[in-house]
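Protein chains: 2
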Amino acid sequence: MGDPLRLGLIGFGNVGSGVVKALEENRELLAARCPRPLELRRIADIDLERRRPVTVDPKLLTTDAESVVRDPEIDVIIELIGGIEPARTLVETALAEGKSVVTANKAMLASHGPELLALAAEKGVRLLFEAAVGGGIPVVRALCESLAANKIERIQGILNGTSNYILSQMIYEEMSYEEALAEAQTLGYAEPDPTADVEGIDAANKIAILASLAFGFDIRYSDVYRVGISKLTRQDHKIAATEQYVIKPLATAEITEPGAVGISVQPAVVSISSPLATVGDVMNGIIIEGFPVGVVFLVGPGAGPEPTASAVLGDLMALSLLESDRAAPRPFLEIPVGKRPRITAECDCDGYWIRVFHRGGPDALAEIVCVLTEEHVPILKCIEEEREGDESGVSRVVVVLTDTALWEDIRCVVRRLGEAEWLEPDTSVLVMPRFD
Amino acid sequence: MGDPLRLGLIGFGNVGSGVVKALEENRELLAARCPRPLELRRIADIDLERRRPVTVDPKLLTTDAESVVRDPEIDVIIELIGGIEPARTLVETALAEGKSVVTANKAMLASHGPELLALAAEKGVRLLFEAAVGGGIPVVRALCESLAANKIERIQGILNGTSNYILSQMIYEEMSYEEALAEAQTLGYAEPDPTADVEGIDAANKIAILASLAFGFDIRYSDVYRVGISKLTRQDHKIAATEQYVIKPLATAEITEPGAVGISVQPAVVSISSPLATVGDVMNGIIIEGFPVGVVFLVGPGAGPEPTASAVLGDLMALSLLESDRAAPRPFLEIPVGKRPRITAECDCDGYWIRVFHRGGPDALAEIVCVLTEEHVPILKCIEEEREGDESGVSRVVVVLTDTALWEDIRCVVRRLGEAEWLEPDTSVLVMPRFD
Numbered sequence: 165m166g167d168p169l170r171l172g173l174i175g176f177g178n179v180g181s182g183v184v185k186a187l188e189e190n191r192e193l194l195a196a197r198c199p200r201p202l203e204l205r206r207i208a209d210i211d212l213e214r215r216r217p218v219t220v221d222p223k224l225l226t227t228d229a230e231s232v233v234r235d236p237e238i239d240v241i242i243e244l245i246g247g248i249e250p251a252r253t254l255v256e257t258a259l260a261e262g263k264s265v266v267t268a269n270k271a272m273l274a275s276h277g278p279e280l281l282a283l284a285a286e287k288g289v290r291l292l293f294e295a296a297v298g299g300g301i302p303v304v305r306a307l308c309e310s311l312a313a314n315k316i317e318r319i320q321g322i323l324n325g326t327s328n329y330i331l332s333q334m335i336y337e338e339m340s341y342e343e344a345l346a347e348a349q350t351l352g353y354a355e356p357d358p359t360a361d362v363e364g365i366d367a368a369n370k371i372a373i374l375a376s377l378a379f380g381f382d383i384r385y386s387d388v389y390r391v392g393i394s395k396l397t398r399q400d401h402k403i404a405a406t407e408q409y410v411i412k413p414l415a416t417a418e419i420t421e422p423g424a425v426g427i428s429v430q431p432a433v434v435s436i437s438s439p440l441a442t443v444g445d446v447m448n449g450i451i452i453e454g455f456p457v458g459v460v461f462l463v464g465p466g467a468g469p470e471p472t473a474s475a476v477l478g479d480l481m482a483l484s485l486l487e488s489d490r491a492a493p494r495p496f497l498e499i500p501v502g503k504r505p506r507i508t509a510e511c512d513c514d515g516y517w518i519r520v521f522h523r524g525g526p527d528a529l530a531e532i533v534c535v536l537t538e539e540h541v542p543i544l545k546c547i548e549e550e551r552e553g554d555e556s557g558v559s560r561v562v563v564v565l566t567d568t569a570l571w572e573d574i575r576c577v578v579r580r581l582g583e584a585e586w587l588e589p590d591t592s593v594l595v596m597p598r599f600d
Numbered sequence: 165m166g167d168p169l170r171l172g173l174i175g176f177g178n179v180g181s182g183v184v185k186a187l188e189e190n191r192e193l194l195a196a197r198c199p200r201p202l203e204l205r206r207i208a209d210i211d212l213e214r215r216r217p218v219t220v221d222p223k224l225l226t227t228d229a230e231s232v233v234r235d236p237e238i239d240v241i242i243e244l245i246g247g248i249e250p251a252r253t254l255v256e257t258a259l260a261e262g263k264s265v266v267t268a269n270k271a272m273l274a275s276h277g278p279e280l281l282a283l284a285a286e287k288g289v290r291l292l293f294e295a296a297v298g299g300g301i302p303v304v305r306a307l308c309e310s311l312a313a314n315k316i317e318r319i320q321g322i323l324n325g326t327s328n329y330i331l332s333q334m335i336y337e338e339m340s341y342e343e344a345l346a347e348a349q350t351l352g353y354a355e356p357d358p359t360a361d362v363e364g365i366d367a368a369n370k371i372a373i374l375a376s377l378a379f380g381f382d383i384r385y386s387d388v389y390r391v392g393i394s395k396l397t398r399q400d401h402k403i404a405a406t407e408q409y410v411i412k413p414l415a416t417a418e419i420t421e422p423g424a425v426g427i428s429v430q431p432a433v434v435s436i437s438s439p440l441a442t443v444g445d446v447m448n449g450i451i452i453e454g455f456p457v458g459v460v461f462l463v464g465p466g467a468g469p470e471p472t473a474s475a476v477l478g479d480l481m482a483l484s485l486l487e488s489d490r491a492a493p494r495p496f497l498e499i500p501v502g503k504r505p506r507i508t509a510e511c512d513c514d515g516y517w518i519r520v521f522h523r524g525g526p527d528a529l530a531e532i533v534c535v536l537t538e539e540h541v542p543i544l545k546c547i548e549e550e551r552e553g554d555e556s557g558v559s560r561v562v563v564v565l566t567d568t569a570l571w572e573d574i575r576c577v578v579r580r581l582g583e584a585e586w587l588e589p590d591t592s593v594l595v596m597p598r599f600d
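The listed protein sequences correspond, in order, to chains P and D. Numbering-wise (my numbering), the first sequence opens with residue 165 and increments by one. Numbering-wise (my numbering), the second sequence opens with residue 165 and increments by one.
Right, dumping it as structure tokens:
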């Protein structure tokens, strides 16, 4: 049995409590499996008074996170504060002090990951982050190890459980967006300010991280084309259902041509027979396509204290192996700072699902079709209905299903439709992803 | 760049050719990612004449596998012969010579894995086998690393693509078992002798390997309760479909009580809304349940040269990291030779689906029900129909859906039904797995 691996936890909220609880409950198993025993030595949080589902020795607790990351008697920092600052500065300090760091912080990584990874490499320590994407789904390590020999062509999936839950409630319980959001908040799936989840910010952070690893480029949060789910109506879901589709919050990253990456988070219209349609409730699901593996599909709980604890502890166990030998070589996949691809919002899809509201009378549909035709967008099907919830009875909803089309042409269509006076401004474009 | 990792391949069939092809096609990516470059130095096969989809320098080829495993200029052996002998002896020799081994050989591992792993540990080398279970699905490494902190409670899944394909064709194309098998053989999914696939031998090898890793016990192929798919009829699938079920080839391993493992491969009746029902064609799907992760579900191509090559190359890359330092500590999960659990065929399921054929006249159903009742097996539903394909018109089929019941009681029911003269001997018992 080696010397203990002395852990300092910063951030003792729900996820931090989950880690402490799992360390306790699986103590025997961890002791048997870890070459260096995991010992929690210090815990920092700004709020030491709140009630928590675990009890710890009060001597471990402090409000001074900086003293923990600088403590020479701590070997590894577990960062579970979330958000960019002060997390980034604390992690930077820890790495600079020669401590390895395990983090679940997707926002920090998607904005500053490449620099932090470079600092870790320079200092001969590790920055591990299985918990930052997909919660308990072993996707980061799968990409970096089991699938490391693959030329990854595409990663596509549902990376935000909250928005998946809201859309699932709208589809299967026929709730409005507002009702579904309120329920998600009641159940603790959504924050009081739900922006990061429903506007795709959380998923954009995650897909940027996965894309960087898979493609070996420096890709950041700000590169991601992002559309939220808050504009979708119950009627959108009903029309999709009659066409055998469901609307899912989809993150996509793919190599569109050598050196170019298409990366987006947006609601997508997904065939009910596709694997992603089966990922309901708050679950996440990730499809990885590459050569030689073909397609693999990973599903699991994308958030929550327990699944996240599984990922954090897996990383700590890896450190307990690696830290027995500081000179151990670096991982296969790294994110080279500044090695930038060309970035687009393009996505290799079967077509687009364009929904507009109009008050334009009987010619309106023909005029919409005309715009698409002029922009070379091939149309497969048009659906026109009265708009639900419109008491005047004059507003109508049109859905156009297109064949494959250039993203540029779709943008032109949206711009021209946005200029038409008889159309309401909120045109929604949903991709219809291809599943081979 | 370190010294090359000199590879010796034994077994240059379909999978071996897939590995050679992927080494070639992803050469650049592998060179960039591996601390020690992967260099294929020798290839052994009994048949050097057959046509292969790749061309190699003839100087690499030999029919003498033993000379390869003993070659001091080879660092790592890739074993893709399959079957127990001569693979086991060659792998043993390679490990004894101080070479690490990467293998896809489930039969060898499920019968001799613990001893071979112990030998590898003794010699300070590695025996890696991501490719042995689930083809390209990163399940072995997920269990051993990302999910290593979990107390695994159950592993359940479809681990044999051939039998999944045959059942899928019976369900969706309404083929007979014989037609579906013939098609699988034409497509190369089934061997001329399909026994290993359709009788559950292949899946039993795989679930024994996963159970050993997940539960830390020495569990072998011979421990697995095994029922094949060859007795299922088209009518079984039709009756299942009317009840909103599909029949899937299911492998299960679970901790039934401390120190006891229930492990089985058998056709199971699965709700069409369960995740495993979506795993069609030749795909594999594996559900892992544990604390703290909850449930994760991994899906992908379970066989074939390319997915298997992905797994083999992932293991070779891991060696290229590890072999830079022979003293690197051992992996978390090991299989302790001789640490045996109590083994049962029990499975925590919602109930059983018992199908019998009878010629017993109008009282037969009542007599069947009576047997179940006397054996304390609670009945949820009985279905009786004319037996399809019976020209005499007197044979009938009865399906009984039970509530949860003891496996022992089910065995008594099957034994007693087997003794009834008016019943045909081929009673089928299918489990109805629980998905939480």
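All C-beta atoms, glycine included, are put in the ideal place defined by N, C-alpha and C. Nothing here was measured: the structure is a model prediction, and the numbers come from that model.
Using a CB distance cut-off of 9 Å, Ser310/D counts as an interface residue toward chain P. Beta-bridge partners assigned by DSSP to Ala417/D: Ile319/D and Ile427/D. Glu549/P: member of the beta strand (DSSP E) spanning Ile543 to Glu550, first to last residue.
DSSP places Ala260/D within a helical segment (H, G or I) once states are collapsed to three. The closest CA to that of Gln349/D, considering only Tyr336/D, Gly364/D and Tyr329/D, is found on Tyr329/D.
If you draw a 10 Å sphere on the C-beta of Thr227/D, you find fewer than 16 other C-beta atoms in it, and that means exposed. Proximity to Leu581/D across Ser556/D, Arg523/D, Glu555/D and Thr568/D peaks at Arg523/D, based on C-alpha coordinates. Within chain P, no C-beta atom comes less than 9 Å from the C-beta of Ile436/D; the nearest is roughly 11 Å away. Within chain P, Asn190 and Leu193 have C-beta atoms less than 7 Å from the C-beta of Lys315/D, given in sequence order.
Put simply, the backbone Cα of Ile174/P is about 44 Å away from that of Ile436/D.
Between Val593/P and Arg519/P, the C-beta spacing is below 9 Å.
Counted as a single uninterrupted DSSP element, the beta strand (DSSP E) harbouring Thr508/P occupies residues Arg506 to Thr508.
For secondary structure counted as the alpha helix (DSSP H) over 4 or more consecutive residues, the stretch 201-256 of chain P holds these complete runs in sequence order: 229-234. Taking the Cα positions, Thr406/P is about 12 Å away from Ile335/P. Annotated as proximal: Cys546/P and Ile532/P, with beta-carbon spacing under 9 Å.
Less than 9 Å divides the Cβ of Asp514/P from the Cβ of Pro597/P. Cβ atoms of Ala415/P and Gly300/P stay farther apart than 8 Å, at about 18 Å. If you check the CB distance, Val541/P and Ala584/P do not come in under 9 Å. The Cβ atoms of Gly182/D and Gly553/D lie no closer than 9 Å to each other. For Thr326/P, no chain D residue has a Cβ inside 7 Å of its Cβ, as the nearest lies near 17 Å away. Shown here, Trp586/P sits in coil according to DSSP, grouped into three states, outside any helix or strand. A direct Cα-Cα distance of roughly 11 Å separates Lys503/D from Arg384/D. Cβ-Cβ separation between Ile371/P and Ile427/P: approximately 6 Å, consistent with a contact (criterion under 8 Å). Contact with chain P is found for Val304/D, since one of that chain's Cβ atoms lies less than 9 Å from the residue's Cβ.
Judged by their CB atoms, Leu169/P and Pro201/P are nearer to each other than the 9 Å cut-off.
Residue-level contact by beta carbon fails for Lys370/P and chain D, as no gap is shorter than 9 Å. Taking 9 Å as the CB threshold, Phe176/D stays off the interface with chain P.
For Val558/D, the CB contacts under 8 Å within the same chain, skipping 5 residues up- and downstream, are Arg523 in chain order.
Contacts between Pro465/D and chain P, judged by CB atoms closer than 8 Å, involve Val457, Gly458, Val459 and Val460 in chain order. CA-CA distance, Ala186/D to Lys270/D, rounds to 22 Å.
When Ala417/P, Leu374/P, Gly525/P and Glu338/P are compared, the shortest CA-CA separation from Ala404/P is found for Glu338/P. Within chain P, the residues whose beta carbon sits less than 7 Å from that of Ile301/D are Val460, listed in sequence order. Taking the Cα positions, Asp221/D is about 42 Å away from Leu483/P.
Annotation for Gly478/P: the continuous alpha helix (DSSP H) segment containing it runs Pro469 to Leu486. Per the Cβ contact rule, the stretch 252-267 of chain D is in contact with the stretch 227-241 of chain D (3 or more Cβ pairs under 8 Å). Contact check between the stretch 460-476 of chain D and the stretch 303-317 of chain P: three or more CB pairs, one atom from each, fall below 8 Å, which counts as touching.
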